[in-house]
Every structure is written in C-alpha cells, then in structure tokens.
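Residue numbers (our numbering), protein chains in the order written: chain A, 2 to 324; chain B, 579 to 1148; chain C, 57 to 278.
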Amino acid sequence: MSRAVERDVLAGAGLALSVLAAAAVLAPKAGSSRIRSQRIAALPRSGPQPRTAVRAARRLNGAAGMLAASVLADSSVEHYRGSFKNRAMYTPLVVSALTLATSLHGTSDMRPLAHRLRDGCYLLAAATGLLGTGFHFYNVTKKVGGFSWQNLFYGAPLGAPMAILLSGLLGFCSERVRETARSPRPEMFGLPAARTIAAVTGAGLLGTSGEAGLLHFRGAFHNPFMAVPVTLPPIGAALLFNAAARGQGRAHPFTRAWMWLLTAMGLAGVGFHAYGVSRNMGGWRNWSQNVLNGPPLPAPPSFTGLALAGLAALGLMREHRDA
Amino acid sequence: MYDDALHMPRARQGQAPDVFRPGGWVPMREYRNDEPVDFVIVGTGAGGGTLACKLAEYGFSVVAFDAGPYFRPLEDFASDEAEQTKLYWTDDRIVDGANPLQLGSNNSGKAVGGSTVHFAMVSLRFRPEWFKSRTVLGYGADWPLDWREMWDYYTEVEQALKISGPVTYPWGPPRPRYPYRAHPLNAAARALAKGCEALGIDWTETPLATISAPRGLAHPCVYRGFCVTGCSTNAKQSALVTWIPRALAAGAEIRDLAMVGRIEVDDNGLVSGVHYHRDDGWHFQRARNVVVAGYAIETPRLLLNSATDRYRDGLANSSGLVGKNLMTQSNQAVWGVMDDEVRSYKGPPSLAITEHWNYADKGKDFFGGYAYMSQGPLPQLWANTQASAHGLWGGPLVEEMKNYNHVVGLKIVGEMLPQETSRVTLADEVDQYGLRIPRVTYSWCDNDKRLIDHSLKFMSRALQAAGAKDLWIQEDDTCHLNGTARMGDDAGTSVVNADCRSWDIPNLWICDGSVFPTVGGVNPSLTIQAIACRTADRIRAMARRGELNRSARRSSAPISATTDATASTA
Amino acid sequence: MHDRSRNRITQDRYPDYDVLAKRNGPSWNDKTREVIARRLSIDSQPLFFAAEEFETLTAIAARIVPQPASRPQIPVAALIDRKLHEGVSDGYRLAGMPREREAWRRGLHALDAEARLAFSERFAGLSGAQQDELLHRAEAGRLNAPEWGSMRCSDFFKRRLLHDIVLAYYSHPVAWNEIGWGGPASPRGYVRLDYNERDPWEAAEARPGHESEAARTNRHVR
C-alpha cells in the first residue's frame, strides 16, 4: 500500500469507529437502569449515595465518549484533508480513540471507584487538547497574514482541540465523582462536583458555540438554521451557570429540557451538514471533495456530548442536595 | 442536435433556458417585432444585462439582444480551454497601432451574459478621487458622477452578486461588509501576500464575484480553476446567472443569437428600433428607446455602422468622439518559479490583491495607479505566454513547461490614459453578417510606459521576496476595454451625459464600459454594473417626471445644432 | 519541497500519471468527456491542408514542440488542420495579416519557398538544424521571399505559427500528463490549495530518487 492509500484507510477507520461509538453511547442502557432507579427511589435523600454518584459518573463517561467520538471523526476527516503532513497529526486520532474506549469502559463499570487507567487516559486527552490548541495556534500565526480572519477561517481551527480537552476534563470529573461516591457529598478538589461540572460544561458550550459561530460566519449564515448553534447553546450555558451558582438540590426542569434540546440539536446538526454537503457541486456523488469542503459532518455532535454532561451534572444535583 | 446553443436560438416560444437546471426552462415574456417596446438593449453583459433587469423590474417593457448563445453552464461548459473559446467574441477584427491589442479572449464575450460569463470575477470599487481625476489628480478627464452616489450603487451590486470579500478592506473610505466571506488562499495568493509583507505594503483577499457558500440553486466555488473559461459550477455570479434570471422573472425578453447590425433613425431624428440578424434573416424590432451595451468595440462599431444622411459620422457622434479614447488596461506580469509546488491552477486565478499603488500617491513618476494580483494560468494560456511573451519554442519550451506546477506570477491591472488616437474605426472589410468590421488602433503613451515600468520593478522585488527564482517579465499584455463613448458634462467633449443618455439623440442611450472617461487601476465590471443600476434609477425618475417622452418629442432642435458642430469638427 | 534545478535531469516529472484515468470519475462531466473524446479521435489525415502543406506543417510542429518517440504522439498538425477546417478563429488579426486560413496557406508556401531558396530542398526535407535556422530567421523577420506578400514573416511566426502550434500541443491530454496538470475538473474541483498540497486526484511529482514512489501514487490517481 502506498502512503496515500494508508491514509485513506486510516481516516476511514477513524470515521467508522467514531460512528459505532457514538451509537453505542447513545443507545439505551439495557435492563439494569429501571431496577436501579427503583432502588434509588427507595433510598433516603441525604447521606452517602454511591449509586447516584456512580450513575452520574457513568453518564459523564458517556458524555466524554460522545465528545471523543466527535473528535475522532472530525480529526480523521480534517487531518486527512491536511494529508497528515505532520506526524503529530495522528495524535488526536489515537488519543480520542483511546478516550472513547476508556469512556465505554467507564459507562459499563458499576464500581464506585476511580480507575487509574481511565484517569490516566482522560488526563492524556486533556493534555492533548491543550497541546493541540497550541499547535493549531502556531499553525495559524505562522501562515502569512498571521492572526487574521483568513487564517482563522481556513487554517487549523483553534477551537477544535478544545473538544478533546473537554472530553478529558469531563472524564476526569467522572472519575472524581465516582471516587467520592462514599463520601458525604460528591466533590472534586473540595468543590461540589455537580456544580463544578455544570460550570465546566457551560464554558464548553460557550466555546463550542464560538467555534460554530466563526465557521458559520465564514459561511455567511447563508441558511437561517445556521444561527441555531450560536443561539441555543449560549442560553444553555447561561442556564448551567445559573444552576451551578444556586442550584443545590433543585430539579431544574427547564435547564434539563434545554439540555435535551441541545442533545437533539447536535444530532440534527449532522443532518443539516449532510444537506450542506449535498448542496455542493456534484452533491454526494462528489463526496471525495464535498465531505472535506462542505460543512463538517462530525462537528455538531460535540454539542450533544456537552449537553449529556450537563444532564449528568443536573441529575447529580437533583439527587444530591450538596452536589 | 435538437438543442445546440451555438446554432439555434434557445430563448423563444415563451421560454428561455433555466441556467440552474440541466435541460431546464423558465417562462419568458415575448414581444412582437412591430410592438414598440420601451427599451431595446443591445448586449446582455455587465452593462446591458444589469440594465435589462433593473428596467424590467421598474415596469418597463424590455427586449435585450445578444449576438451570442444562451448557455446553461452546468451542461454546456466543458473543463477545456480550447472548447471554451466558444465564449469569446471571435468575429473578424483588425488591430493596429504601435501596440496592437490582443482581442478575442480576455476582453470579449459573445454569449448571453457577455464577458461576465468568463471574467475573472475581480470586483473592485474605483478609488473615489478617480471620478475627478482631472481636477483632483491632474490627469485624464473628470466623470460627471459623484463618488458618494457611486458608493451606494457599488453596494447594491455587491449585494446583488453576493461578492465574497475580506471582512475589512484595507484601502479607501469605509464600505459595508461584503455579503459573503473571502475564499481560502491558494499558494499563488500566499506568494503575493508574502511579497507584500516583505515590502511593507498592505494586501488582502480579492473581492470576487464567486460565492464561498451556497446561494439559492447556485453551488459554492469548488476551486476547479477554470474561471476564465466559464464556470460550470454556477458559483460565478455572472450576469447570466444573476441579473438575467431576474430580468426574465420581471418580464424582459432575451433574444439570443441575434446580432444587431443597425439602429434605425426616424424622420424626427429619433431612434425607432433596431435591425437584427437572427435565424438566417434580418428583422426589425420597434422601440421607444435603444440602449447600446456592446462594450467598447461593438458599441462604437454599431453607432458608426448606423450612420445615415442625417448623421453621416454615425449616431451620437456630434462631438466626433465616438470610437475615440479607447482605453485598455496594462496587464504586465512578472513570473518566476518556486522550489515549492504551487499548482496555481487550483482556485480562482486572482485570490489575493494589493491596491497599494492605486491609493499611494508618493513614489510615483506617473499618473494613475495599478493593482496587482496573483495568477493561475491554465496550460494553454501558460504555454502561449511562454511562447509569445518569453520567446521560447522547441526543447526549451517543452522543458520549461514542465515547471508548470512551480510557477508563480504577479500581474497588474494598470490604468492607461485616454488618448484620442487610440480608437475604434470601421475597416472596409465586412463580416459574416455583411457589416463592416472594426479596426482597433492602440498605442501606449509615455505615462503608460512609466506606470508599467514602475510596476514591473516593484513586482520583481515582491516576487523575489516571496522566494521565486528565474524571474522574467511579460511586457505585452492588456486587459479590459473602455472609453469610445465617454460620459461628461458637456455635449462638445463627451458622447453621453451622466445618465448614459446620448447628447444628440435623447432616446438613444449607451450603458457599458464605453462610457468611462478614465479607467482607473481596477477591473471595470463592478463599476459598469453600478453605472447600469444608477442609469436605471435615473430613467425611472425621468419617466415618473414625464421627461422621457417630452424630451423625445422636442428632440429635433438640439440635433440640428449638433449636426453643425459635427460639421465644424470634421 | 525540493530543489527544482536538480530535478531537471529527471526525464519524466510525473511518472505513470495519466489524466485520462480520471475520465470516468467525478472530475469530468459529460460535456468534457464528449469534447476530449472528439479531440482524441482526430487522425492524422488532413481535411483542410493539401498533402504537401500538411507535410510542411508536421515538420514545423516537430521543431516547435519536439516530442519524445517513447510515448503516444500528439497529432499537432492534424489538430490545427481541424481547427482551420471548422473555421475556428482567434477573432483578430494584425493589419496586413490575412485571416487564419489564408495566413497559414501563405506562410507554409513561403517557408517552403525559403527552404528551396536557401537549401534547394522543401522544408520537410531539411535537417532539423536547417529547419531551425529558417524558423529563427522567420522569427527575427529576416525572410522576404515574394510569397509572404503583405504578411511579415515575424508576424506569421509569432501570431500564427507559434501561437497555433503551442495551443494545439497543450490542448492534448498527453501534454497535460507531461506537465502534471490536474486536467478537467468539474463537478469535482480541488480541496488542498496551499503550498505542496496535493489532492489524491492530482499528479504526484517525482522527487529525485523517489520516482517509483511517485509512479505508485500516480497509478492510484482517479
């Protein structure tokens, strides 16, 4: 196989894996959930609640997995477009695949204990996100024109590596929540876990919305629906910040509903982007160009990942007064 | 072949080709030849196509003629330079003068949509001072237009064509944000940018009339690089896919493969219609007004070919200026090769631009200005450049051509000064319609040469700074055609007034690049379209005040005066 | 990135690249397939020129765009013959120059006359060096046999002969392979536009010492 063909195969494999994983994350957890919720209902509202914490942790694993899947697919496509001309461009594929596997492991792990390997993996993901942002920033500034609209639009996207950073952070949070399952309240570094995660997720929503805003501005908002991912997520972020600020022990039904809305928006975004691809010259028949030049199919589910994290945080908050 | 655009008119029987759907049709209103329409427009390019749309939308009855075919780009355009010469005006013409022009390709079009069907899409505004270049800058001639008014019409055209341009434009007074974002730069454009940054001048993404995101049924640009041979993507916002569909929807009729050979003048000295050739025969369309929009060669040719006993020197020619002051723009280049692969055939050819020398007045030993842009020649064009401008043939040519993917170049669009000696006249030979063919005489003046010299020196430094080697200079190339029926404030020194209305015959109008008193250092299409939009607004205003008919009726008085003037000039 | 000057020794810059391999893919639309098929079907029988004229033209073309014998030949003379047969025109000519058909006939006869004058032999019968000498003199305006008439030999050389031959040669897919051009591109255009970026459907350039790698890549271009 020539190098070019290897690249094709690799990018294809990354895509396939991410699609499978996203499906797995979204699939309803069979069997045990109903029993578990009944048991939880029977428990008192205060005191150590290992199951609540574990459930929230597993949800967070799922959210981290969804983000990782989005990153795996997105970086497969985009770095394939960049011809993997720098070896470091393989890193996000490897790390997001690993993060994805870790997250899948986490979602099926019922033990109220942090897993050292998972922890390591999530930290690696977070570090990759930070480093990637650095790389992308360097890529943008070294191009002629420097830090300009042209290079922000078409150079390495500054916001993209943040998604793997967020995935790592959420995963790391998940382990902390899991770890504190036996303590009086789920917490991280002495902060209430649910509220911290809500705040982190809110920030993530803002950042991701900013990225969508930049790229949709590049597309001149030619379709009115392109305004959706720059309006709904910031509202979601505000709701999460509100919940984080004064949310203990409350149900936040509106915020939860909003998170479900964002979950759906992220998935619908794939459909919109697929439509966008079809509107390019040659449509899907010209996929070898249009999947790369059209709107990125794997990008919108990062909103879904973040919204799932928001739901996990809200769930923990509802079920645990001090979280 | 049941549907051959080149040989059988397509716009007829109540329908015209749908440019957005292969094999598709849209309804079209039709007018009888003996039915006097409000406006006959000769030509459907940047001037005529725009005006047809605006006048039809304002409720006038309009028939727009084009000598060329009515294409559906999606199915009629091949990705092939040789085939796509079918877009050019290749009827016989003679060139002479000290610097005979190259015609036929980059400065002509014979198709519905005119040369906008294959233009390079560069959509730039004039520098405001150029509208008063005589008074403010000391050369050329003043326009009878105010730049602030033009600024609004530029905005209208930029919106209508969804120009893809930079978020902020570095030169000139503020302008509204371009409706679409700039395209990604290719390597050739990055070379321009690097050269500019090394020499400390501004550069930017070129505002282009090709969309960077979908628009209606038009696909965004796919960077296939065949822009100047016709866009089969429909990303290019030519008159064919913008103004003309709007014109049809508003009730205008387009007559394709219809060559207008003569404008008829009635006993009152007013124009009454046009004689045109279609389907192997001559016909006469009656009209209340005739607008000539055939670009700077065919417009004067038609006016001169329409001479009558009353107007012996041709229509609208009491000033003697019809055909004179032909201006092209200098289009010299510096070429080199890079160690890197450039592959400049990808993307629109001119993705980056600097207008520095249009706006800077210090450091010049010449009047006027120039812009320069990155380049992306396709193989035939590039080989012809290597042969005719670089003088290569034989082994050296074939070997040099193998560097094609490493070639990088910078090319100017430079202002040339109006001279009465550069002009369009009629030759004695006739074309396939039996019409006398144009003779195009062109010579550079000293100022033109100084401008070219300045630009070549500057671009050589810029290209070197970008890392190119083996530089060489392409000295003889020109682009765009303007002048030959200039607008002005005075009937003695211009052919039309600010409203594009001829001084001599009040129901005869000229609306294309011919009316430019000066050309500036930018591609003219945006300005032509802005003038057409303004003309339409002026016509509507005059019609509302009843000035179209009234002035038409009392037209004979000034004509006798101008006939005298003609006699004295002659 | 590589040093271009070292590459000059490479005979084939884009080994095994064949732009026609893309013919049935998304880079070609129906109209392009039709146009190129017609061009490729042109045989070397003249329809416009007389046999002797065609022979002279063939000899001239071989000097202007020499072709290696090791690959399919581009029928340059026949391409020009078809263009004239169909009456395809540039759309302008210098004062003193006749229209395309007449200019070519007159120019070929004049060059033959010059060959007889200088070497007592028809142009096609001369050695390559002699042919080049005559062409150089035409280019420099230093031929003045009466056969030229009002047409200056330098105008004929630059504006007809060189122009038409070069355009004919580079209208052919074999020439596109030689220079590594991407070829027809619609509906599919290009994605990777920056320096040293190559789409998988573009020709790979052979770096010295890596010819076989480029050839392998080029065989996958579709």
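Even for Gly, the Cβ is constructed at its ideal location relative to N, Cα and C.
- G627 (chain B) and Y873 (chain B) do not touch by the CB rule: their CB atoms are close to 12 Å apart, not below 8 Å.
- In summary, the residues of the segment 242 to 270 of chain C whose CB is separated from some CB of chain B by less than 9 Å are S242, P243, R244, G245, Y246, V247, R248, L249, D250, Y251, N252, E253, R254, D255, E258, A259, E261, in the order they occur in the chain.
- Residue contact check for L881 (chain B) against chain A: no CB pair falls below 8 Å.
- Between H968 (chain B) and chain A, the shortest Cβ-Cβ separation is not below 8 Å.
- Counted as a single uninterrupted DSSP element, the beta strand (DSSP E) harbouring S850 (chain B) occupies residues 849 to 856.
- In terms of beta-carbon proximity, M282 (chain A) lines the interface with chain C, with at least one pair separated by less than 8 Å.
- Closest by C-alpha distance to L880 (chain B), out of B:E734, B:D857, B:V852, is B:V852.
- Put simply, the CB of Y226 (chain C) is near chain B, with a gap under 8 Å to one of its CB atoms.
- Contacts with chain A at 8 Å (Cβ-Cβ) do not include P71 (chain C).
- In this chain, the alpha helix (DSSP H) harbouring E977 (chain B) covers 973 to 979.
- In terms of Cβ geometry, T694 (chain B) and S816 (chain B) form a close pair [threshold 8 Å].
- Taking C-alpha positions only, V1074 (chain B) is separated from L826 (chain B) by approximately 28 Å.
- The Cβ atoms of F104 (chain C) and L135 (chain C) lie no closer than 8 Å to each other.
- Considering only B:A967, B:A961, B:P647, B:N936, the residue with the shortest C-alpha distance to V976 (chain B) is B:A961.
- Restricting attention to A:G306, A:Y276, A:G66, A:S279, the CA atom closest to the CA of G203 (chain A) is found in A:G306.
- L665 (chain B) is not a Cβ neighbour of V1018 (chain B), given a cutoff of 8 Å.
- For the 8 Å CB-CB criterion, I741 (chain B) and P785 (chain B) form a contact.
- Proximity of chain A to L763 (chain B) at the Cβ level (cut-off 7 Å) is accounted for by Q151, in chain order.
- Contact between K924 (chain B) and Y758 (chain B) does not hold, since their C-beta atoms are separated by about 20 Å, which reaches or exceeds 8 Å.
- Interface criterion met: the Cβ of P82 (chain C) is under 8 Å from a Cβ in chain A.
- Fewer than three beta-carbon pairs drawn from the segment 890 to 901 of chain B and the segment 223 to 235 of chain C are found closer than 8 Å, and the two stretches are therefore not classed as touching.
- When the five nearest sequence neighbours on each side are left out, the beta carbons in the same chain lying within less than 7 Å of the beta carbon of T53 (chain A) are those of I41, L317, E320, H321, in order along the chain.
- Excluding residues up to 5 positions away in sequence, P722, L723, M1065 lie with their Cβ nearer than 7 Å to the Cβ of A1076 (chain B) in the same chain.
- From the beta-carbon of A760 (chain B), the residues of chain A found nearer than 7 Å are Q151.
- A contact between stretches requires three or more CB pairs, one per stretch, nearer than 8 Å, and the segment 139 to 158 of chain A fails this requirement with the segment 170 to 177 of chain A.
- Not flagged as an interface residue toward chain C: R650 (chain B), since no C-beta distance is shorter than 8 Å.
- Counting only residues of its own chain and dropping the five nearest sequence neighbours on each side, T733 (chain B) has a CB closer than 8 Å to the CB of R753, P754.
- Nearest C-alpha to S1021 (chain B) among B:Q997, B:P1102, B:G829: B:Q997.
- Taking a beta-carbon distance threshold of 8 Å, G160 (chain A) does not count as an interface residue toward chain B.
- Following the DSSP letters along the chain, one finds V745 (chain B) in no beta strand (DSSP E), marked with neither H nor E.
- P955 (chain B) and E1053 (chain B) have their C-alpha atoms spaced approximately 16 Å apart.
- W285 (chain A) counts as exposed, since fewer than 16 other beta carbons sit within 10 angstroms of its beta carbon.
- Scanning B:R1122, B:P957, B:S908 for the CA closest to the CA of D1031 (chain B) turns up B:S908.
- Taken through DSSP and simplified to helix, strand or coil, Q964 (chain B) comes out as helix.
- In the DSSP assignment, A930 (chain B) forms a beta bridge with B:E783.
- L150 (chain C) carries a strand assignment under DSSP once its states are collapsed to helix, strand and coil.
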